[in-house]
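First up is the structure itself, then whatever we jot down about it.
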Amino acid sequence: GDSVTQMEGPVTLSEEAFLTINCTYTATGYPSLFWYVQYPGEGLQLLLKATKADDKGSNKGFEATYRKETTSFHLEKGSVQVSDSAVYFCALMTTDSWGKLQFGAGTQVVVTP
Amino acid sequence: EAQVTQNPRYLITVTGKKLTVTCSQNMNHEYMSWYRQDPGLGLRQIYYSMNVEVTDKGDVPEGYKVSRKEKRNFPLILESPSPNQTSLYFCASTIAGSSGNEQFFGPGTRLTVL
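Okay, here's the thing in structure tokens:
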């Protein structure tokens with residue numbers, strides 16, 4: 002079945018450091034890929050998405066590129082801020098299971114001043 | 007403001023006492039679903055609804071019921087809660103159609119079953 006694997010956390014960084022969170026997936030067909038972010042005490046918000054191979058999603062300084070050859074969608078940010086402290090979820094959706102997001106386990110990111 | 011609302015936000019109950027968690031969206035979305043979030047497991051889909059009166063099981067439906075009598079509301083019902091249903095629950099909604107559409111999540115309901 003479809004699945005998403007992302008690196009375990011917590012990831013602790015200093016402010017202005019470079020952030021990478023690895024995400025790989027297994028899916029039939031050509032899924033859409035997403036990164037959602039969950040700030041403390043809140044629901045999930047869409048951070049960025051990519052719907053086909055080689056697409057790059059970007060938002061708020063975060064980027065991720067849909068790599069079909071490596072089945073990956075790694076999240077990157079060049080210079081993190083304390084306000085980026087959150088839990089980040091990689092997810093996919095296939096046309097076979099339209100509407101259902103298949104999530105990774107989540108990666109907690111802690112940014113210290 | 008476009009949003010998904012859930013109530014209650016926090017609930018502590020005892021085994022076997024029926025409860026309902028409400029979910030409402032104001033975006034006229036056809037598709038609504040419920041997820042539970044557990045440490046190390048991410049979010050898993052419990053039930054979903056493609057439209058009014060159309061519901062189906064997700065990956066972890068045991069012990070839950072849902073109904074969709076109106077387009078905006080999608081309540082989650084636990085007829086006889088058990089401690090293994092202690093979790094953080096999220097309702098989500100989206101427009102029917104493309105698999106690239108954003109899903110909008112509610113703020114979550116933290117349920118503890120003693």
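Line order of the protein sequences matches chains A and B. Under my numbering, the first residue of the first sequence is numbered 2, with each subsequent residue one higher. Under my numbering, the first residue of the second sequence is numbered 7, with each subsequent residue one higher. Think of the CB as a built atom: it goes at the ideal place given N, C-alpha and C, for glycine as much as any other residue.
Open item on the list: So the candidates are A/VAL81, A/ALA18, A/VAL111 and A/TYR26; which of them puts its Cα closest to the Cα of A/ALA87?
Closed with: Counted from its first residue, the first sequence places residue 87 of chain A at position 86. Nearest C-alpha to A/ALA87: A/VAL111.
Open item on the list: Going by DSSP in three states, B/GLN91 sits in which element: helix, strand or coil?
Closed with: Locating residue 91 of chain B in the second sequence gives position 85, counting from the first residue. Here B/GLN91 sits in helix by DSSP.
Task: Listed by chain order, chain A residues near B/LEU117 by CB distance under 8 Å - done: What you label residue 117 of chain B is simply residue 111 of the second sequence in a count that begins at 1. Result: empty, since nearest Cβ-Cβ is about 15 Å, beyond 8 Å.
Open item on the list: Taking its Cβ as the centre, do 16 or more other Cβ atoms sit within 10 Å of B/SER39, making it buried, or is it exposed?
Closed with: In the second sequence, the residue the question calls residue 39 of chain B occupies position 33. Per the 10 Å Cβ criterion, buried.
Open item on the list: My assumption, with CB atoms under 8 Å, is that B/LEU84 sits in contact with B/GLY69. Please give the rounded CB distance.
Closed with: Walking along the second sequence from the start, residue 84 of chain B turns up at place 78. Walking along the second sequence from the start, residue 69 of chain B turns up at place 63. Right, the Cβ-Cβ distance comes to about 7 Å (below 8 Å), so this counts as a contact.
TODO: Buried or exposed for B/ILE18, please, with buried defined as at least 16 other CB atoms from any protein chain shown within 10 angstroms of its CB.
DONE: The residue you call residue 18 of chain B lines up with position 12 of the second sequence. Exposed.
Open item on the list: Strictly by DSSP, which residues pair up with B/TYR16?
Closed with: Within the second sequence, the letter at position 10 stands for residue 16 of chain B. Per DSSP, B/ARG116.
Open item on the list: Contact defined as beta carbons within less than 8 Å: I believe A/ILE22 pairs with A/THR108. What is the distance between those atoms, to the nearest angstrom?
Closed with: As a first step, residue 22 of chain A must be located in the first sequence, where it is residue number 21. As a first step, residue 108 of chain A must be located in the first sequence, where it is residue number 107. About 5 Å; that satisfies the 8 Å criterion.
TODO: Could you list the residues in the segment 79-109 of chain B with a C-beta less than 7 Å from some C-beta on chain A, going in chain order?
DONE: PHE96, THR100, SER105, GLY106, GLU108 and GLN109
Open item on the list: Suppose the cutoff is 8 Å on Cβ atoms and the five residues either side in sequence are ignored; what does the same chain contact list for A/LYS50 look like?
Closed with: Position 49 of the first sequence, counted from the first residue, corresponds to residue 50 of chain A. Hits under 8 Å: SER33, LEU34, PHE35, TRP36 and GLY58.
Open item on the list: Could you tell me the alpha carbon to alpha carbon distance between A/LEU20 and A/SER73, rounded to whole angstroms?
Closed with: Here residue 20 of chain A is taken as the residue at index 19 of the first sequence, counted from 1. Here residue 73 of chain A is taken as the residue at index 72 of the first sequence, counted from 1. The straight-line gap from Cα to Cα measures roughly 16 Å.
Open item on the list: Between which residues of its own chain and A/VAL12 is the CB-CB distance below 8 Å, once the five residues before and five after are set aside?
Closed with: Reading the first sequence from its first residue, position 11 is the one you call residue 12 of chain A. Excluding positions up to five away in sequence, the list reads LEU20, ILE22, THR108, GLN109, VAL110 and VAL111.
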